[in-house]
Amino acid sequence: MKTEFIKADLERIIGTRPMHDGGTMPEVLGRLDACAQSQHIPERLKHYLSKRSYVKALAWIEDPNTPHQL
């Protein structure tokens, strides 16, 4: 999945993009869970998605130089 699609789904989850144009919440969560298993995304993004740290994942997509926050 391309980064812009992941970003759109993350925005749907956190409420900054309408859900109606991307399906239902379970569909969006399923897509993000599938992305977390992908070998084609950066390790940091994979980590955030696998932990369901969606705000951190979105911040990382917007600026990959963002330091990791605990």
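Count the sequence shown with my numbering and you get residues 1331 to 1400, in order. The C-beta atom is built at its ideal place from N, Cα and C for all residues, glycine as well.
Whole-angstrom distance between residue j and residue i, CA atom to CA atom
| i | j | result |
| --- | --- | --- |
| G1345 | E1373 | 25 Å |
| L1359 | E1392 | 20 Å |
| D1339 | K1381 | 16 Å |
| K1386 | D1363 | 15 Å |
| E1334 | C1365 | 12 Å |
| H1370 | K1376 | 9 Å |
| G1353 | E1341 | 13 Å |
| Q1367 | P1394 | 20 Å |
8 Å contact criterion, which residue i and residue j should meet: CB distance rounded
| i | j | result |
| --- | --- | --- |
| L1388 | K1337 | 7 Å |
CB contact below 9 Å: residue i versus chain C
| i | result |
| --- | --- |
| I1336 | Included in the structure is just one protein chain, with no chain C present. |
Query raised in the report: When the Cβ atoms of the segment 1348–1358 are set against those of the segment 1391–1398, are three or more pairs found closer than 8 Å?
Result: no
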